[in-house]
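What follows is a single structure, written as structure tokens, with notes after it.
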Amino acid sequence: MANFETVTVETDLLICGGGMSMTGAAVEAAHWAKQHNLKVTVVDKAAMDRSGAVAMGLSAINQYVDLKSGNNSVKNYVDYVRNDLMGITREDLVANIARHVDSSVHLFEKWGLPIWTDADGNYVHEGRWQLMINGESYKVIVAEAAKNAIAELGDNGEIFERIFIVDPLMNDGKCVGAIGFSVREEKMYVFKAKATIIGMGGAVHVFKPRSSGEGLGRAWYPPWNTGSSLYFTSVAGAEQTCQEVRFIPVRFKDGYGPVGAWFLLFKSRATNAFGGEYMVERRPELENWAPYGKVKPIPANLRNYLGMLDTMEGKGPIYMRTEEALQKIANEFKDDPKAYKKKMKEIESEAWEDFLDMTISQAILWAASNVQPEEQASEIAAAEPYFIGSHSGASGCWVSGPEDIQNDDTKDEYFWGYPNMTTVSALFAAGDASGASSHKFSSGSHAEGRIAAKAAIAYIVDNPDYLGADQAQIDTLTARILLPLDIFEEHSANTSDPEINPEYIKPKMFMFRLQKIMDEYAAGVSAQFTTNKHMLEKALDLLAVLKEDSEKLAAADLHELMRVWENIQRMWQASVHVETMYFRQETRWPGYYFRADTPKIDNDNWLAFVNAKWDGEKWEMIKRPVKYMF
Amino acid sequence: MPSYVIPDKCDGCKALDKTACQHICPNDLMVLNMDIEKAYNREPELCWECYNCVKICPVQAVEVRGYADFVPLGATVTPMRGSDSIMWTVKFRNGMLKRFKFPIRTTEEGKAVPDGGFATGTEDLKSPILYTEPDSVRADFFTLK
Ligand SMILES: Cc1cc2nc3c(=O)[nH]c(=O)nc-3n(C[C@H](O)[C@H](O)[C@H](O)COP(=O)(O)OP(=O)(O)OC[C@H]3O[C@@H](n4cnc5c(N)ncnc54)[C@H](O)[C@@H]3O)c2cc1C
Ligand code: SF4
Ligand code: SF4
Numbered sequence: 274m275a276n277f278e279t280v281t282v283e284t285d286l287l288i289c290g291g292g293m294s295m296t297g298a299a300v301e302a303a304h305w306a307k308q309h310n311l312k313v314t315v316v317d318k319a320a321m322d323r324s325g326a327v328a329m330g331l332s333a334i335n336q337y338v339d340l341k342s343g344n345n346s347v348k349n350y351v352d353y354v355r356n357d358l359m360g361i362t363r364e365d366l367v368a369n370i371a372r373h374v375d376s377s378v379h380l381f382e383k384w385g386l387p388i389w390t391d392a393d394g395n396y397v398h399e400g401r402w403q404l405m406i407n408g409e410s411y412k413v414i415v416a417e418a419a420k421n422a423i424a425e426l427g428d429n430g431e432i433f434e435r436i437f438i439v440d441p442l443m444n445d446g447k448c449v450g451a452i453g454f455s456v457r458e459e460k461m462y463v464f465k466a467k468a469t470i471i472g473m474g475g476a477v478h479v480f481k482p483r484s485s486g487e488g489l490g491r492a493w494y495p496p497w498n499t500g501s502s503l504y505f506t507s508v509a510g511a512e513q514t515c516q517e518v519r520f521i522p523v524r525f526k527d528g529y530g531p532v533g534a535w536f537l538l539f540k541s542r543a544t545n546a547f548g549g550e551y552m553v554e555r556r557p558e559l560e561n562w563a564p565y566g567k568v569k570p571i572p573a574n575l576r577n578y579l580g581m582l583d584t585m586e587g588k589g590p591i592y593m594r595t596e597e598a599l600q601k602i603a604n605e606f607k608d609d610p611k612a613y614k615k616k617m618k619e620i621e622s623e624a625w626e627d628f629l630d631m632t633i634s635q636a637i638l639w640a641a642s643n644v645q646p647e648e649q650a651s652e653i654a655a656a657e658p659y660f661i662g663s664h665s666g667a668s669g670c671w672v673s674g675p676e677d678i679q680n681d682d683t684k685d686e687y688f689w690g691y692p693n694m695t696t697v698s699a700l701f702a703a704g705d706a707s708g709a710s711s712h713k714f715s716s717g718s719h720a721e722g723r724i725a726a727k728a729a730i731a732y733i734v735d736n737p738d739y740l741g742a743d744q745a746q747i748d749t750l751t752a753r754i755l756l757p758l759d760i761f762e763e764h765s766a767n768t769s770d771p772e773i774n775p776e777y778i779k780p781k782m783f784m785f786r787l788q789k790i791m792d793e794y795a796a797g798v799s800a801q802f803t804t805n806k807h808m809l810e811k812a813l814d815l816l817a818v819l820k821e822d823s824e825k826l827a828a829a830d831l832h833e834l835m836r837v838w839e840n841i842q843r844m845w846q847a848s849v850h851v852e853t854m855y856f857r858q859e860t861r862w863p864g865y866y867f868r869a870d871t872p873k874i875d876n877d878n879w880l881a882f883v884n885a886k887w888d889g890e891k892w893e894m895i896k897r898p899v900k901y902m903f
Numbered sequence: 460m461p462s463y464v465i466p467d468k469c470d471g472c473k474a475l476d477k478t479a480c481q482h483i484c485p486n487d488l489m490v491l492n493m494d495i496e497k498a499y500n501r502e503p504e505l506c507w508e509c510y511n512c513v514k515i516c517p518v519q520a521v522e523v524r525g526y527a528d529f530v531p532l533g534a535t536v537t538p539m540r541g542s543d544s545i546m547w548t549v550k551f552r553n554g555m556l557k558r559f560k561f562p563i564r565t566t567e568e569g570k571a572v573p574d575g576g577f578a579t580g581t582e583d584l585k586s587p588i589l590y591t592e593p594d595s596v597r598a599d600f601f602t603l604k
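Chains as they are written, first to last, in my numbering: chain F, 274 to 903; chain S, 460 to 604.
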């Protein structure tokens with residue numbers, strides 16, 4: 274057996290992940306830990322400066338409620354999220370984030386993030402809830418504040434980078450830490466903690482991406498978030514929610530460049546190849562999805578759906594009419610050529626920054642295709658499905674809400690002691706890891722990480738005894754985590770090409786097998802995002818065999834060992850997704866997936882959360898009521 | 460090839476305590492070839508073209524060639540990242556050049572102060588009011604109670 278040194282770290286609070294939510298958690302935890310003399314440890318698989326979904330930067334802060342202006346209320350935000358998610362949302366969680374998010378944004382500004390302001394010094398809004406930023410260094414700045422906060426703890430604060438977290442440590446149904454391995458040296462890491470927060474992002478490459486050669490990595494969602502949150506919390510026994518609510522963004526085709534600025538800031542239209550505007554021509558279709566089809570803004574998935582109907586009818590390609598939008602702006606200045614030139618220069622710079630801040634590939638693609646947006650339209654398309662509960666999807670753990678945002682009706686269902694604690698004691702979740710609270714984006718994830726951290730410190734103060742994890746459990750997990758190295762060691766010399774061997778499967782081919790199943794049977798791109806009961810049954814059968822073969826995954830080195838575990842995590846994400854789509858016998862988010870055998874929304878039976886809990890052998894499905902409070 | 464390394468320029472970060480590109484890649488792709496002490500991207504098909512290796516390389520040895528399976532050849536997008544701004548040069552396939560400069564931060568590097576100068580209004584661990592709040596919200600604290 275692979276013989277790795279084991280490093281044991283004892284701490285009070287363990288923070289798993291170093292992205293938006295967990296940098297927020299680190300800042301908050303450091304403050305309260307200092308007052309109670311507690312230790313805080315942060316672990317990231319990458320370098321916190323550039324890890325997670327914001328590694329490249331962002332061009333907008335997508336959640337800012339602007340409570341100080343009085344223009345918006347917490348209720349307004351809850352209404353927006355409830356409607357966008359077709360009625361399925363935890364209003365207590367959304368409200369909790371909404372009341373804290375402005376605080377995170379104001380902190381970002383103080384830390385050094387340039388937020389655009391107008392001549393009067395007010396923030397420039399991209400849309401009602403979005404702020405424009407110069408966000409190349411967004412993640413660097415937010416990570417810096419987190420690191421500085423942890424440094425203030427002295428010996429009581431520690432950050433580990435390049436440690437890949439795999440499994441929870443459990444004692445008596447309670448989470449007592451985590452186990453993982455270094456991707457740089459042959460070392461296992463055992464973190465023993467009194468409370469653990471999970472913020473390891475969502476999942477990508479569960480479905481086959483549109484590009485499968487060199488461009489395989491150019492998914493909209495970054496290839497390094499692989500379902501670690503879902504896997505960890507599920508194995509711990511934490512109830513999951515909304516795992517059917519995937520997110521499919523419509524973006525500039527292939528480069529996946531953002532469209533928000535074009536739609537919201539430059540007021541561009543999208544049309545099909547024949548000039549028809551699906552948002553106008555297909556308006557009657559929205560009646561079928563009432564009441565949500567009738568609200569403004571029209572839910573993201575319904576906007577997707579109307580475009581998809583055009584594509585399926587053979588009316589593609591679909592274009593973002595950049596040339597028309599810019600012409601319209603030009604016309605406003607037709608009498609003043611100097612002002613026009615100035616305006617166009619400004620817009621050009623804004624348009625390119627939008628790409629350069631967060632999707633540089635799209636800038637390369639435009640430059641390589643000689644695209645001048647003022648002269649020609651650019652194609653947009655629906656990407657493949659992703660799991661990102663913080664954006665316009667909703668997948669994640671079922672967590673407790675705050676006590677002070679409950680009413681008599683919700684209190685028993687939605688509150689169990691500590692905000693953002695999962696259904697497993699001492700285990701908390703935030704960002705993409707917590708579900709039914711979408712549209713929190715980068716800023717709301719940061720705020721939610723802070724909420725979870727303060728609650729976790731409170732939990733530790735209330736439960737100061739350290740339960741500990743027994744050595745037998747650690748030994749078993751260590752052997753299992755390192756098994757792929759042993760399998761490779763044992764069999765690789767049996768063939769002349771270590772990639773092809775009847776005794777094992779390498780993680781890359783395993784990933785392709787998973788993606789093919791999901792793409793074809795679970796409503797991926799090539800199935801036009803459509804599935805039915807029988808196809809889902811087929812997917813479940815194939816996933817069951819895949820799971821058997823996952824025991825034969827092999828890794829030649831540490832890097833490949835990480836790839837093995839990433840793909841096991843993806844497989845778990847796939848499994849709970851298919852089970853949940855199978856359980857929900859209706860079509861509620863037609864622009865995310867369409868169940869052709871139950872093609873309509875069914876509010877009488879399915880205005881409910883579908884939750885799933887891993888019982889050690891299978892997913893137990895639980896239907897929970899949706900309760901409105903605003 | 461997404462990100463690639465120009466061998467003549469790469470010195471393996473000999474002068475630094477760690478290999479910069481290897482340190483920063485969020486997907487653990489950049490590694491040193493020990494034999495020649497030059498870095499390379501070991502899994503180009505899992506590269507996000509996030510440019511973090513490009514921006515961090517002290518000798519501009521890393522560049523990006525757009526994904527060959529859908530990006531025509533001939534364009535380059537090149538950053539120069541300073542301490543408070545970034546300059547981008549975009550070269551089109553037809554030779555056209557565009558330059559953009561954007562600010563990246565308003566504070567000195569390393570100087571982000573955790574509380575941002577905001578006061579914390581409570582010492583109560585059970586209160587829903589977080590560190591720096593309600594000062595940092597700049598509005599009355601919302602609650603249903
Ligand atoms: C393409 C794209 C564009 C977006 N645009 C915007 C926008 O314009 N505005 C906006 O406000 N929001 C935007 N978002 C949303 C925003 O990025 C997310 O809401 C936010 O990053 C979620 O925070 P998180 O902490 O849950 O995950 P992340 O920020 O992704 O962090 C996950 C962390 O977990 C770590 N990790 C993962 N697995 C492991 C493991 N096994 N062990 C240890 N560590 C691990 C990662 O390294 C990373 O540090 C965008 C997202 C994407 C993908
Ligand atoms: S561009 Fe990003 S993902 Fe690709 S090798 Fe460089 S740092 Fe890694
Ligand atoms: S950062 Fe630049 S110089 Fe250093 S190893 Fe990487 S490519 Fe070479």
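The C-beta atom is built at its ideal place from N, Cα and C for all residues, glycine as well.
query                                                                                                                                                                                : result
I'd like to know if N884/F contacts chain S, where contact means its C-beta is closer than 7 Å to some C-beta of that chain.                                                         : no
Could you name the residues of the same chain whose beta carbon sits closer than 7 Å to that of A511/F, not counting the 5 residues immediately before and after it, in chain order? : C670, T695, T696, V697, L700
Could you work out which residues of chain F lie near G525/S, taking near to mean beta carbons separated by less than 8 Å?                                                           : S634, I637, L638, A641
V327/F: beta carbon under 6 Å from a heavy atom of ligand 1?                                                                                                                         : yes
Note down, in chain order, each residue of its chain lying with its Cβ closer than 8 Å to the Cβ of N486/S, except the 5 sequence neighbours on either side.                         : E502, L505, C506, W507
What's the C-alpha gap between G580/S and Y590/S?                                                                                                                                    : 8 Å
Please report the distance separating the alpha-carbon of G741/F from that of L286/F.                                                                                                : 13 Å
Given that G385/F touches chain S, what residues does it touch there, using C-beta distances under 7 Å?                                                                              : R564, T565, T566, A571
Compile a chain-ordered list of the residues in the stretch 500-531 of chain F whose CB is closer than 7 Å to at least one CB of chain S.                                            : D527
Is Q679/F helix, strand or coil by DSSP?                                                                                                                                             : coil
Do W507/S and ligand 2 come close, with the Cβ less than 6 Å from some heavy atom?                                                                                                   : yes
With DSSP as the reference, label D528/S as helix, strand or coil.                                                                                                                   : coil
Classify M493/S as buried or exposed, calling it buried when 16 or more other Cβ atoms lie within 10 Å of its own Cβ.                                                                : exposed
On a CA-only basis, which of G889/F, E859/F, T871/F is nearest W879/F? Give me that one, please.                                                                                     : E859/F
Could you have a look at R524/F and say whether DSSP puts it in helix, strand or coil?                                                                                               : strand
Given a limit of 7 Å on CB to CB distance, which residues of the stretch 326-354 of chain F reach chain S?                                                                           : A328, M329, L340, K341, V347
Do we get a CB-CB distance below 7 Å when we pair G468/S with the residues of chain F?                                                                                               : Strictly speaking, residue 468/S in this sequence is Lys, with Gly absent from that position. No, its Cβ sits nowhere closer than 7 Å to a Cβ of chain F.
If you measure beta-carbon to beta-carbon, which residues of the stretch 885-901 of chain F are closer than 7 Å to chain S?                                                          : none
Quickly, what does DSSP pair F577/S with across the bridge? List them, please.                                                                                                       : For F577/S, which the question treats as bridged, DSSP gives no partner whatsoever.
Measure the alpha-carbon distance for R556/F versus Y353/F and round it to whole angstroms.                                                                                          : 20 Å
How many Å lie between K412/F and S324/F at the Cα?                                                                                                                                  : 8 Å
Taking 7 Å as the threshold (beta carbon to beta carbon), is S267/F in contact with chain S?                                                                                         : Any question about residue 267/F goes unanswered here, given that chain F covers just 274 to 903.
What residue ranges within the stretch 485-524 of chain S form continuous beta strand (DSSP E) runs of no fewer than 3 residues, ordered along the chain?                            : 489-492, 497-500, 521-523
Is V464/S near ligand 3, in the sense that its beta carbon is under 6 Å from a heavy atom of that ligand?                                                                            : yes
Quick one: residues in its chain with C-beta nearer than 6 Å to the C-beta of K318/F, no 5 flanking neighbours on either side, listed in chain order?                                : F437
Do you know how far the Cα of G708/F is from the Cα of A796/F?                                                                                                                       : 21 Å
Quick one: complete alpha helix (DSSP H) runs, 4+ long, within the stretch 334-364 of chain F?                                                                                       : 347-357
Using the C-alpha atoms, what's the distance from F525/F back to A636/F?                                                                                                             : 11 Å
In three-state DSSP terms, what is V536/S?                                                                                                                                           : strand
For N905/F, is the classification buried or exposed, using 16 other Cβ atoms within 10 angstroms of its Cβ as the cut-off for buried?                                                : The structure shown does not extend to residue 905/F, since chain F spans only 274 to 903, so no value can be given for it.
Is any beta-carbon of chain C found at less than 7 Å from that of G669/F?                                                                                                            : Included in the structure are the protein chains F and S, with no chain C among them.
How big is the Cα-Cα spacing for K585/S and I733/F?                                                                                                                                  : 12 Å
Flag D487/S as yes when its Cβ comes closer than 6 Å to any non-hydrogen atom of ligand 1, and as no otherwise.                                                                      : no
Would you say N500/S touches ligand 2, meaning its beta carbon is less than 6 Å from a heavy atom?                                                                                   : yes
Considering Cα atoms alone, identify which of V378/F, G717/F, Y659/F is closest to P573/S.                                                                                           : V378/F
Under 7 Å between C-beta atoms, does S542/S make it to chain F?                                                                                                                      : no
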